[in-house]
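K.L.:
Going by my numbering, the sequence shown opens with residue 96, and the numbers climb by one from there. Even for Gly, the Cβ is constructed at its ideal location relative to N, Cα and C. Keep in mind the model is a prediction, meaning the values are calculated, not measured. Below is the structure I would like to discuss, written out as structure tokens.
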Amino acid sequence: MERRGPGLAALGALGRRLLWALPAYAAGLLGLGAGAVVLALALYAGWRRRRQARERGMQLAARLQRDEEAAVRAAAAAGLGAARGELTAWVNFPDVERAEWLNKVLAQAWPFFGQYMEKLLVESIAPAIRASNAHLQTFTFTKVDMGEKPLRVLGVRAHPGTHKKQILLDLNISYVGDVQIDVEVKKFFCKAGVKGMQLHGMLRIILEPLLGDVPIVGALSMFFIRRPTLDINWTGMTNLLDIPGLSSMSDTMIMDTISSYLVLPNRLLVPLVPNLHDAAQLRCPLPRGVVRVHLRGARDLRCKDRFMGGLVEGKSDPYAVLRVGTQVATSRVIDDNLNPTWDEVYEFIVHEVPGQEIEVELFDKDPDQDDLLGRMKLDFGEVLKAQVVEEWFPLQEGGQGRLHLRLEWLSLTSDASKLEQVLERNQTIVAKPDPPSAAILVVYLDRAEDLPMKKPGKEPNPMVQVSVQDVTRESKVVYNSSAPVWEDAFRFFLHDPAHQDLDIQVKDDPRQGSLGSLSLPLRRLLQAPELTLAEPFQLQRSGPRSRLHMKLVLRVLYFDAPEDATPQPTLSSGQPEPPPSSTVGSPRPSHTHPDPQFGTEHVLRIHLLEAQDLVAKDTFLGGMVRGRSDPYARVRVSGRSFRSRVVKEELNPRWNEVYEVIVDNIPGQDVEFDLFDKDIDKDDFLGRCKVPLRRVLSHRVLDEWLPLEEVKSGRLHVKLERLDPCPSTALLEQVLHTNSLLQPARGELLSAALLSVFLDRASELPLRKGSKPPAAFASLTVREVTLKTKTCSPSTEPVWDEGFSFLIKQPHLESLELQVKEEGGQPLGALSLPLPQLLASEGLLLDSWLPLAGGGPGSQVLLRAQLGVLVSQQAEAAGDAAPPVPREVPGDEESGAGGGLRQRLHPGDSPPEPAESPLGRLQLTLWYHRDQQKLVAIVHCCRRLKPASKELPDPYVSLVLLPDRSRGTKRKTSVQRKSLNPDYNERFEWDLPLEEASRRKLEAQVKSSQSFMARDKEVLGKLHLDLAQVDLTEGGSHWYELQEERSSP
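Right, here's the structure in full:
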């Protein structure tokens, strides 16, 4: 045997090589060309690569869980959890409770759940599959292994039910499992299976009804409010579904199957008591209401169509997809338009409030793949609360643009007398593509009895078709039964119930032979008590005792809204649609008349601080060696998107970055955070979380750790602060000073004010050549931010009526630049409004006609400009605790040695001159930033320095934290040429805890830079400060006398 071993190995190797030539031989035998062979090899290579990537991902997920469990056990054994500040199981996030006890129960019960699934699949599912088709009589499950990784519940949230006999629970579930299920059909030598699966989603469980006897709860209803995310790794014959392009198709088909059972309006009912009353109503309850969605239009969409390699920018062909659970509607496509108007109406059935939401996605229609233009989401709880919501919703993930929607909540009422009122109102609604509905019909299909047999001795396979006009619904097929039980429900929108009929056909599947029919006028329901009929209905053209047991419920869709809720067209700025652009014959207004919502915006300051316990995505040696991640964050809110810097090889990154965005109180907005691992090819997903914007606006400040969703571990530390514009300069000096203390080392200057501009109209614009009035628009610019109005129809007195907002960094230095131009770009006039002029105005407000330079002799614009100082919580507290400090106006940013941030003072804003001192004085601000755990020093200026020679010095300031004189503790300002009173206003930071900072001493030396060749710089004076004697929480600016160089600390 040992002598034959090498020979057999050689034969096996030769055989494997011959198998590689088999595809080429088969292609030649079948007459296929070389292209078919190349295509087949490419598909095989793509499938193999994708499968290997999925297997590596599954192995990594399993390894991460084992490492996490080992770390948790080690921490618990050593008692290090609290010492390291890790999150314990009893810590709750707002509105969401962690259920670690439930995860422990699931982990212990998971093997037994696997045994149950194996028994269910082998003893119940497999026989049913074999009986369903003659070709599947050899179908078997060869392996059923649910793996070692259980389902995890990331959070639980409880809601009050609609009545006292109901409890609502929302479970955020995550399953990254090593499940393996193999099947085989021996007749066709077919093997297939699944090896690894991921499922993430929000599962709602309803405990209803509550009973006065054990087990207290009568039944459990389970469903996904929204479609969960699914990823499956196929094996065997089904691994063809892993080929790129087919994978998403296969997952989508499976998700459609799951949705048909577990996504609203479908739900799984688990009775806990026998003979449960109204089980059908629990399985298919009446909807909570109907939402009528008016899809008005969109504004300022992104250009997606480009030509000549992107050199020529075109437009887009937008259309909208509206989705509520499994209900989907698609609008028509509008060609070549970035400001489309649809004016279409859709209606959606709502079952769960709060929870269900509408998602609207805008796409650009293309011949190949449609491009996403943006999306928005809104929870129907907001619509129920307000009854009518009409807003320009900012689009997320599209970068820009707004979507105009009007949503109306229609209540379900059993009062038939209100039907005429509803029909009269519907006649005033111009609805496309379908007329508005007046009522909704719910058909509860229970069972049938004594259906006829088409062949003697052979039971039928009955199914039911339920139709109202041209809408038809079908029930499932019940095999081999003349008394089938369906327990199904169907819903129909009715335009005029008094003139519509319900048609029912009972058919024998698959030949579709008729077993009976029924036609019922719906006006009969209008005369029934509570608009409900529940009785057995005799089938026509069927057996003499053939009956269909149903329950029919009709509800009128009643719109109960305040009188002022009538639709009013609005613009993207939130202002009402203006009158025609020509104002000939109307009196000239002296002031603007903006909408009441003008100037009510807030500024959201987002502090992206740090993250902990992120998932390691970088692996080496085929996944055998676990690395780390290079995380960065994306922040999205109100149509704006920000991206943080990348922190290399860190699972607990610290960003300490600040972003600011102008927001309004439009419902349905979220502050979204997505974390990724930066890679060379495709960045890996590290988790996401979000905070409702309304929650931030109602609390003013939120400082929280947010759990990351759709990943195994991780949490994100953010601080969200609402800044309200205050039309007063009382705290402006303190705001500027506080901003200089809070200013991060990276990023833009913090905003000190919000400028709101309402551009009403223009007057006496110059005519174009040929004495034609211009089609004018206006552009408004503050720093690099430019916003444009719409283009009015040709007129010398155009009316815009649009509002705009700008973040102001330096109110004393910035200005508003306005240009009025013709549609082709020809200037018609310009205006420059310095913001110091607003600061000097009463109430920081200017509302008047202003002349346009470069236009006609009488060219003017009517605008309203108002400034609001953004007072943060720190600035407000500092303003109450201390007198105003000298204003430090930030200017051009210039990095000095050690990463300082340069901030110039305005020439007229220098601090008061210090008293006489032998060597001069130095102005410093020392402050400890608790949020970022940093010591901050701001070097403002020096005054009355003493020159060491006849020439004026080139001074700079050097800072050192004693007793450590290493390079890491040294900082220095830039050099000011030939000055005895230099201004610096540069900021420096040291990363160290407050206790450590209090033990340090700060040495500041003012030196003169003689030349780049000189090793020793001339010292003009120095200063030693014991930080233990300095109030680092004050953040105030102080003058210090400089001492001789020879003086000791």
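Could you check whether the segment 567-576 touches the segment 614-626, counting it as contact only if at least three pairs of C-beta atoms, one from each stretch, sit closer than 8 Å?
P.N.:
Taking 8 Å as the limit for Cβ pairs, the verdict is that the segment 614-626 does not touch the segment 567-576.
K.L.:
What does the alpha-carbon distance come out to for the pair Met292 and Ile761?
P.N.:
Your numbering for residue 292 matches position 197 in the sequence shown. Your numbering for residue 761 matches position 666 in the sequence shown. Looking at the two C-alpha atoms, the distance is approximately 38 Å.
K.L.:
Helix, strand or coil for His320? Go by DSSP, reduced to three states.
P.N.:
Against the sequence shown, residue 320 aligns to sequence position 225. This sequence places Ile at residue 320; His is not what is there. The answer is coil: DSSP assigns Ile320 none of H, G, I, E or B.
K.L.:
Locate the alpha helix (DSSP H) running through Gly476, then write down its first and last residues.
P.N.:
Position 381 of the sequence shown, counted from the first residue, corresponds to residue 476. That run of the alpha helix (DSSP H) goes 475-481.
K.L.:
Just to confirm, is the Cβ distance from Pro1042 to Gln1071 under 8 Å?
P.N.:
Along the sequence shown, one-based indexing puts residue 1042 at 947. Along the sequence shown, one-based indexing puts residue 1071 at 976. For Pro1042 and Gln1071, no; Cβs fall outside 8 Å.
K.L.:
Determine the closest residue to Pro639 out of Pro906, Leu930, Asp463, Leu546, with distance taken between C-alpha atoms.
P.N.:
By one-based count along the sequence shown, residue 639 stands at place 544. When each option's Cα is compared against that of Pro639, the closest is Leu546.
K.L.:
For Lys1145, does the three-state DSSP call read helix, strand or coil?
P.N.:
Limits of the chain in this structure are 96 at one end and 1144 at the other, which puts residue 1145 out of reach.
K.L.:
Can you grab the Cα-Cα spacing for the pair Ser562 / Gly611, in whole Å?
P.N.:
As a working mapping, residue 562 is identified with position 467 in the sequence shown. As a working mapping, residue 611 is identified with position 516 in the sequence shown. In a straight line, the C-alpha of Ser562 is about 14 Å away from that of Gly611.
K.L.:
Could you check where the alpha helix (DSSP H) with Asn521 kicks off and where it finishes?
P.N.:
As a first step, residue 521 must be located in the sequence shown, where it is residue number 426. Counting along the chain, the alpha helix (DSSP H) containing Asn521 begins and ends at 514-522.
K.L.:
Go through its chain and collect everything with a Cβ distance to Val758's Cβ below 8 Å, but skip five positions before and after it.
P.N.:
Position 663 of the sequence shown, counted from the first residue, corresponds to residue 758. Taken in chain order, the residues that qualify are Glu696, His697, Val698, Leu699, Val732, Ser733, Gln764, Leu788, Leu792.
K.L.:
Put Ala534 into one of helix, strand or coil per three-state DSSP.
P.N.:
For the purposes of this step, residue 534 is taken as residue 439 along the sequence shown, with counting starting at 1. Ala534: strand per DSSP, three-state reduction.
K.L.:
Note down, in chain order, each residue of its chain lying with its Cβ closer than 6 Å to the Cβ of Phe737, except the 5 sequence neighbours on either side.
P.N.:
Start at 1 with the first residue of the sequence shown, and residue 737 comes out as number 642. Contacts found: Val730, Tyr754.
K.L.:
Here's the rule I'm using: 16 or more other beta-carbon atoms within 10 Å means buried, otherwise exposed. How should Ala857 be labelled?
P.N.:
What you label residue 857 is simply residue 762 of the sequence shown in a count that begins at 1. Per the 10 Å Cβ criterion, buried.
K.L.:
Can you grab the Cα-Cα spacing for the pair Ser79 / Leu837, in whole Å?
P.N.:
With the chain represented from 96 up to 1144, any question about residue 79 goes unanswered, as that position is not in the structure.
K.L.:
Quick check on Ser219: does DSSP put it in helix, strand or coil?
P.N.:
To locate residue 219, count along the sequence shown from 1; it is residue 124. Reduced to three states, the DSSP call for Ser219 is helix.
K.L.:
Does the Cβ-Cβ distance between Thr237 and Val289 come in under 8 Å?
P.N.:
In the sequence shown, counting from the first residue as 1, residue 237 sits at position 142. In the sequence shown, counting from the first residue as 1, residue 289 sits at position 194. No.
K.L.:
Do the CB positions of Pro557 and Ser576 come within less than 8 Å of each other?
P.N.:
Residue mapping note: residue 557 aligns to position 462 of the sequence shown, counting from 1. Residue mapping note: residue 576 aligns to position 481 of the sequence shown, counting from 1. Contact: yes.
K.L.:
Quick check on DSSP: helix, strand or coil for Phe207?
P.N.:
For this step, residue 207 is matched to residue 112 along the sequence shown. Three-state DSSP puts Phe207 in a helix.
K.L.:
Using the DSSP secondary-structure output, state which residues sit across from Pro787 in a beta bridge.
P.N.:
Numbered from 1 along the sequence shown, position 692 holds the residue referred to as residue 787. Looking at the DSSP assignment, Pro787 forms a beta bridge with Asp765.
K.L.:
For Val1034 and Leu1019, which I take to be in contact (beta-carbon distance under 8 Å), what is that distance rounded to the nearest angstrom?
P.N.:
Walking along the sequence shown from the start, residue 1034 turns up at place 939. Walking along the sequence shown from the start, residue 1019 turns up at place 924. Between Leu1019 and Val1034 the Cβ distance is about 6 Å, and since that is below 8 Å, they are a contact.
K.L.:
Under the assumption that Ala1178 contacts Val1031 (Cβ atoms under 8 Å), give the Cβ distance between them as a whole number of angstroms.
P.N.:
Residue 1178 cannot be examined here, being either before or after the span of the chain that is shown, 96 to 1144.
K.L.:
So within the segment 1055-1123, which uninterrupted beta strand (DSSP E) runs reach at least 3 residues, ignoring any that extend past its ends?
P.N.:
For the segment 1055-1123, whole beta strand (DSSP E) runs of length 3 or above, ordered along the chain, are 1065-1067, 1078-1086, 1096-1103, 1113-1121.
K.L.:
Could you spell out where the beta strand (DSSP E) holding Ser927 opens and where it closes?
P.N.:
Here residue 927 refers to the residue found at position 832 of the sequence shown. First-last of the beta strand (DSSP E) with Ser927: 922-929.
K.L.:
Hey, how far is the Cα of Gln663 from the Cα of Pro489?
P.N.:
Here the question's residue 663 lines up with position 568 in the sequence shown. Here the question's residue 489 lines up with position 394 in the sequence shown. The predicted position of Gln663 is uncertain, since its pLDDT is 46 and thus under 50; no value can be drawn from it.
K.L.:
Just to confirm the assignment, what range does the beta strand (DSSP E) spanning Thr425 have?
P.N.:
Counted from its first residue, the sequence shown places residue 425 at position 330. Element bounds for Thr425: 422-425.
K.L.:
Cutting at 7 Å between CB atoms, please list the residues of its own chain near Leu947, excluding the five before and the five after it.
P.N.:
Reading the sequence shown from its first residue, position 852 is the one you call residue 947. Here the set comprises Val915, Gly924, Ala925, Leu926, Ser954, Gln955, Val956.
K.L.:
Give the DSSP-derived three-state secondary structure of Glu745 in the structure shown.
P.N.:
Looking up residue 745 in the sequence shown gives position 650. In this structure, Glu745 counts as coil in the three-state DSSP scheme.
K.L.:
Quick one: any contact between the segment 698-712 and the segment 864-880, if contact means 3 or more CB pairs under 8 Å?
P.N.:
With a cut-off of 8 Å, the segment 864-880 and the segment 698-712 do not count as touching, because too few Cβ pairs lie within range.
K.L.:
As a quick exercise: from Arg650, Gly496, Leu945, pick the residue whose alpha carbon is nearest that of Ser685.
P.N.:
Walking along the sequence shown from the start, residue 685 turns up at place 590. Nearest of Arg650, Gly496, Leu945 to Ser685, Cα basis: Leu945.
K.L.:
Taking all protein chains shown into account, do 16 or more other C-beta atoms lie within 10 angstroms of the C-beta of Trp504, making it buried, or fewer, making it exposed?
P.N.:
Here residue 504 is taken as the residue at index 409 of the sequence shown, counted from 1. Its Cβ being crowded by 16 or more others within 10 Å, Trp504 is buried.
K.L.:
What residue range is occupied by the uninterrupted alpha helix (DSSP H) comprising Ser835?
P.N.:
Within the sequence shown, residue 835 is the residue found at index 740, counting from 1. First-last of the alpha helix (DSSP H) with Ser835: 827-837.
K.L.:
Hey, could you find the ends of the alpha helix (DSSP H) Leu621 is sitting in?
P.N.:
Locating residue 621 in the sequence shown gives position 526, where the first residue counts as 1. Here the alpha helix (DSSP H) through Leu621 covers 618-621.
K.L.:
Is the segment 497-512 touching the segment 794-804 in the sense that three or more CB pairs, one from each, lie closer than 8 Å?
P.N.:
Taking 8 Å as the limit for Cβ pairs, the verdict is that the segment 497-512 does not touch the segment 794-804.
K.L.:
Closest by CA to Tyr1135, which one among Arg1095, Cys1036, Lys1045?
P.N.:
On the sequence shown, residue 1135 is found 1040 positions in, with the first residue counted as 1. Comparing Cα positions, the closest option is Cys1036.
K.L.:
Express the C-alpha separation of Arg795 and Ser1132 in angstroms, rounding to a whole number.
P.N.:
Here residue 1132 refers to the residue found at position 1037 of the sequence shown. Here residue 795 refers to the residue found at position 700 of the sequence shown. Taking the straight line from one Cα to the other gives about 28 Å.
K.L.:
Can you give me the Cβ contacts of Thr216 inside the same chain, cut-off strictly under 7 Å, excluding the 5 residues immediately before and after it?
P.N.:
In the sequence shown, counting from the first residue as 1, residue 216 sits at position 121. Note that residue 216 is Leu in the sequence shown here, rather than Thr. Closer than 7 Å at the Cβ level, and outside the excluded window around Leu216, lie Phe236, Val239.
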